[in-house]
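So the structure is just underneath, and the comments pick up after that.
Protein chains: 2
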Amino acid sequence: MKARIHVMLKPGVLDTQGKAIGHSLQGLGFDEVGEVRQGKVIEVEIAAADAAQAKARLDEMCRKLLANPVTESYTIDVVA
Amino acid sequence: MKARIHVMLKPGVLDTQGKAIGHSLQGLGFDEVGEVRQGKVIEVEIAAADAAQAKARLDEMCRKLLANPVTESYTIDVVA
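Going down the list, the sequences are from chains A and B. Here the first sequence stands for residues 1 to 80, numbered as in full-length UniProt numbering. Here the second sequence stands for residues 1 to 80, numbered as in full-length UniProt numbering.
And the structure:
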């Protein structure tokens, strides 16, 4: 089973990487660009009986390792 | 308009970050985890007449700045 986890900074947390990308894009002439936010996408192969079990374990992985609970939020999509 | 860009290492390119995450997860007892790959997700606010125009400009941004054409591939989703 394959899952895709998105980890993004919570709204209100300064996204320096996103700001840097935004400034660079505008410097390249992409004036139509507004706010830019960057996060992580993590694709995980996982053995599980079903999607629900996979999601529960992936949630545990996020809480224990993949996402910082203070500054980051995450979403889990079990893809296949 | 909001778009979401995924930038991942191309298959065959060693994903050291993904490997490190995989080892850490197994060290935490998540033995059911197989291959792990990590990439970037970039959310961009963009002013455009329509989704097609937005996608064309976002593709240009990826080729010029956001993705390394040698080692990375990207997908663009115009979300709203």
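From the three backbone atoms N, C-alpha and C, an ideal C-beta is built for every residue, glycine too. This structure is a prediction, so every number in the text was calculated from the model and none was measured.
DSSP, reduced to helix, strand and coil, places Gly34 of chain B within a strand of the structure shown. At least one CB atom of chain B sits nearer than 8 Å to the CB of Gly39 of chain A. Distance check between Ile42 of chain A and each of B:Lys19, B:Val13, B:Val44, B:Glu60 places B:Lys19 closest, using alpha-carbon atoms only. Asp59 of chain A and Arg4 of chain B have their C-alpha atoms some 22 Å from each other. Among the CB atoms of chain B, one or more fall inside 8 Å of the CB of Glu35 of chain A. Counting other Cβ atoms within 10 Å of its Cβ, Gly12 of chain A stays below 16 and is therefore classed as exposed.
The distance from the Cβ of Lys40 of chain B to that of Gln38 of chain A is about 6 Å, consistent with a contact at the 8 Å cut-off.
Buried is the label assigned to Asp15 of chain A, since at least 16 other Cβ atoms lie within 10 Å of its Cβ. Going by DSSP, Met61 of chain B is part of the alpha helix (DSSP H) stretching over 51-61. Taking C-alpha positions only, Val33 of chain B is separated from Gly29 of chain A by approximately 43 Å. Around the beta carbon of Val44 of chain A, a 10 Å sphere encloses 16 or more other beta carbons of the protein chains shown; the residue is thus reported as buried. Bounds of the alpha helix (DSSP H) holding Thr16 of chain B are 16-27.
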